[in-house]
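Under the working numbering, think of the first position of the sequence shown as 12, with each following residue one higher.
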Amino acid sequence: QGLPGPGPSGYSPAIYTPKIAFYAGLRKQHEGNEILKFDDVVTNVGNYYEPSTGKFTCPLPGIYFFTYHVLMRGGDGTSMWADLRKNGLVRASAIAQDADQNYDYASN
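Below, the structure written as structure tokens:
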């Protein structure tokens, strides 16, 4: 029978490859410098995105792909940005500056 493989409960990629994915949105407005806690979780395969904290915890080493889009109401010269962080360090940003129109958007 052999020894258990590395990882959770003897995880072995040759036998089991877990599916990990989440897709979420924000229904409410948000103001200021805070962690976005997505309240509209459409998909959360594996339950590794935690809506109460706004954080995704990678359970296994690997390559993870993130993309996001933000929409702001402008018209008064306001600016905004949204950072994607890994272990507290900024890894990507989406910035919309000096919005002179009704809405402005940005993507990472």
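Ideal Cβ positions, reconstructed from N, Cα and C, are used throughout, including at glycine.
- For H41, there is no enclosing beta strand (DSSP E), as DSSP gives it neither H nor E.
- In the DSSP assignment, L100 falls within the unbroken beta strand (DSSP E) covering L100 to A107.
- In the structure shown, the three-state DSSP call for N119 is coil.
- For V56, the closest C-alpha among the options K30, Q108 and N98 is that of K30.
- For W92 against A105, the beta-carbon gap comes to about 6 angstroms, under 8 angstroms, which counts as contact.
- DSSP links V52 through a beta bridge to A35.
- With distances taken between CA atoms, E42 lies nearest to S90 out of I74, S63, S90 and N58.
- Distances from the alpha-carbon of D51 to those of T78, E61 and R38 put R38 closest.
- Taking every protein chain shown into account, the CB of A32 has fewer than 16 other CB atoms within 10 angstroms, so this residue is exposed.
- Per DSSP, the continuous beta strand (DSSP E) segment holding K97 begins and ends at M91 to K97.
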